[in-house]
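In terms of our numbering, the sequence shown is residues 157 to 392. Glycine is no exception: its CB is placed at the ideal position from the N, C-alpha and C atoms. All remarks here apply to the structure that follows.
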Amino acid sequence: MELTDFDALSFDCYGTLIDWEAGFLSLLRPWADEHDLAIDDEKLLTTYARHEAETARQYPTAPYPEVLAAAFRATGDELGRPVSEAWQRAFGSSVPDWPAFADSAGALARLAERYRLIIVSNVDRAGFAASNKRLGVTFDAIITAEDVGAYKPAMHHFTELRTRTRQLGIAEGKLLHVAQSLFHDHAPARAAGLPSAWINRRHEAPGWGATPQPSDPYRYDWEFPSMQAFAEAAAL
157 MELTDFDALS FDCYGTLIDW EAGFLSLLRP WADEHDLAID DEKLLTTYAR HEAETARQYP
217 TAPYPEVLAA AFRATGDELG RPVSEAWQRA FGSSVPDWPA FADSAGALAR LAERYRLIIV
277 SNVDRAGFAA SNKRLGVTFD AIITAEDVGA YKPAMHHFTE LRTRTRQLGI AEGKLLHVAQ
337 SLFHDHAPAR AAGLPSAWIN RRHEAPGWGA TPQPSDPYRY DWEFPSMQAF AEAAAL
């Protein structure tokens, strides 16, 4: 298939459209510095990412602010430094402050002229509503962890995605999933039988950052270094 054969695009938000690594580090870095913790940003992110994934797996119906706080606390435990309640509250409530990638709003506006747009996100409704103000488009459907009672890479989002696409009248095979995280998105998209495009935001950075290395099989059909590059290819 060609990119332009699709009628709808489903997007992960955090890591793909919103720069969650910048959001995480805006608090993880000053916390580490406060405790004289000799650790670089990459190690901070990979340590935190493991704990967020495990917390989300263990507590699939917990609100995302609670997942953030608990994962931060577990990160501190592993690194041998305390995470005060004040730090936990600040981290748990930080989603509205996370910046969008510079190309996200423009790319989405361009894509919205041709495609139905759907969000498939691991946050709660309130958190996404705040982020959506930075993205500047109206999505045709929004699916959050709060809606489905689970966190990706569990399949709940993708089961609900099939229901929503049918409700929107999108034909089978006409939906492309677009995401950065191989762990959270491309592995379950493969299991769901969905074609996907990888927005490789970390193409110039080593390691896995805030997205754990996937243990389940994954694949993607296209790869792009940015949303701008994807929009240029898909909105011809």
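- Message: Is the separation between the beta-carbon of E302 and that of P219 shorter than 8 Å?
- Response: Locating residue 302 in the sequence shown gives position 146, where the first residue counts as 1. Locating residue 219 in the sequence shown gives position 63, where the first residue counts as 1. Going by C-beta atoms, E302 is nearer than 8 Å to P219.
- Task: Alpha carbon to alpha carbon, how far is Q214 from A385? Give it in angstroms, no decimals.
- Result: Position 229 of the sequence shown, counted from the first residue, corresponds to residue 385. Position 58 of the sequence shown, counted from the first residue, corresponds to residue 214. The straight-line gap from Cα to Cα measures roughly 36 Å.
- Task: List the whole-angstrom C-beta distance separating A164 from I326, where the pair is believed to meet the contact cut-off of C-beta under 8 Å.
- Result: Locating residue 164 in the sequence shown gives position 8, where the first residue counts as 1. Locating residue 326 in the sequence shown gives position 170, where the first residue counts as 1. About 5 Å; that satisfies the 8 Å criterion.
- Does A230 come within less than 8 Å of chain C when only Cβ atoms are used? The structure shown contains no chain C; it is built from a single protein chain.
- Message: So, for A230: in the same chain, excluding its five sequence neighbours on each side, which residues have a beta-carbon less than 6 Å away from its beta-carbon?
- Response: Counted from its first residue, the sequence shown places residue 230 at position 74. Around A230: H207.
- Query: Can you tell me the Cα-Cα spacing of W378 and A265, whole angstroms?
  - Reply: By one-based count along the sequence shown, residue 378 stands at place 222. By one-based count along the sequence shown, residue 265 stands at place 109. Roughly 21 Å separates the two Cα atoms.
- Roughly how many whole angstroms lie between the Cα atoms of T217 and F247? Stepping through the sequence shown from its first residue, residue 217 is reached at position 61. Stepping through the sequence shown from its first residue, residue 247 is reached at position 91. About 19 Å.
- Task: Kindly list the residues whose CB is nearer than 6 Å to the CB of F257, restricted to its own chain and excluding five residues on each side of it in sequence; keep chain order.
- Result: Against the sequence shown, residue 257 aligns to sequence position 101. Closer than 6 Å at Cβ, skipping near neighbours: D175.
- Query: Do W254 and S287 have their C-beta atoms closer together than 8 Å?
  - Reply: Locating residue 254 in the sequence shown gives position 98, where the first residue counts as 1. Locating residue 287 in the sequence shown gives position 131, where the first residue counts as 1. Yes, these two residues count as a Cβ contact at 8 Å.
- Item | Residues near G363 in its chain [Cβ-Cβ closer than 6 Å; skip 5 each side] | Counted from its first residue, the sequence shown places residue 363 at position 207. Counting only residues of its own chain and dropping the five nearest sequence neighbours on each side, G363 has a CB closer than 6 Å to the CB of E198.
- Item | Neighbour-count burial assignment, M157, 16 or more Cβ in a 10 Å radius | Position 1 of the sequence shown, counted from the start, is the residue given in the question as residue 157. Under this definition M157 is an exposed residue.
- Item | the segment 343-361 in contact with the segment 186-193 per 3-pair CB rule at 8 Å | In this structure the segment 343-361 does not touch the segment 186-193; the number of beta carbon pairs closer than 8 Å is below three.
- Could you say which of A347, D372, L273 lies nearest to M311 if we only look at CA atoms? Here residue 311 is taken as the residue at index 155 of the sequence shown, counted from 1. With distances taken between Cα atoms, M311 lies closest to A347.
- Query: Buried or exposed: which applies to A353, given that a residue is buried once 16 or more other Cβ atoms fall within 10 Å of its Cβ?
  - Reply: Looking up residue 353 in the sequence shown gives position 197. A353 is buried by the Cβ-count criterion.
- Query: Just how far apart, CA to CA, sit L201 and P370?
  - Reply: As a first step, residue 201 is located in the sequence shown; it is residue number 45 there, counting from the start. As a first step, residue 370 is located in the sequence shown; it is residue number 214 there, counting from the start. Rounded to whole angstroms, L201 to P370 spans 15 Å at the Cα level.
- Message: For E234, which residues in the same chain have their Cβ closer than 8 Å to its Cβ, ignoring the five residues on either side in sequence?
- Response: Here residue 234 refers to the residue found at position 78 when the sequence shown is read from its first residue. Only T203, H207 meet the Cβ criterion.
- Since I believe F314 is in contact with I298 (beta carbons under 8 Å), could you give me their beta-carbon distance rounded to a whole number of angstroms? Here residue 298 is taken as the residue at index 142 of the sequence shown, counted from 1. Here residue 314 is taken as the residue at index 158 of the sequence shown, counted from 1. That belief does not hold up - the Cβ atoms of I298 and F314 are roughly 15 Å apart, past 8 Å.
- Message: So the candidates are L184, K289, T300, L159; which of them puts its Cα closest to the Cα of A227?
- Response: Along the sequence shown, one-based indexing puts residue 227 at 71. Comparing Cα-Cα distances from A227 to each of L184, K289, T300, L159, the minimum goes to L184.
- Delimiting residues of the beta strand (DSSP E) encompassing E379: Within the sequence shown, numbered from 1, the residue matching residue 379 stands at position 223. 378-380 is the extent of the beta strand (DSSP E) around E379.
- Name the residue from A261, R270, R281, Y307 whose alpha carbon lies nearest to the alpha carbon of G292. Looking up residue 292 in the sequence shown gives position 136. When only C-alpha atoms are compared, the closest one is A261.
- Task: With distances taken Cα to Cα, identify the nearest neighbour of G329 among G236, R270, G349, A343.
- Result: Here residue 329 corresponds to residue number 173 of the sequence shown, with the count starting at 1. Looking at the Cα atoms, G349 is the closest of the given residues.
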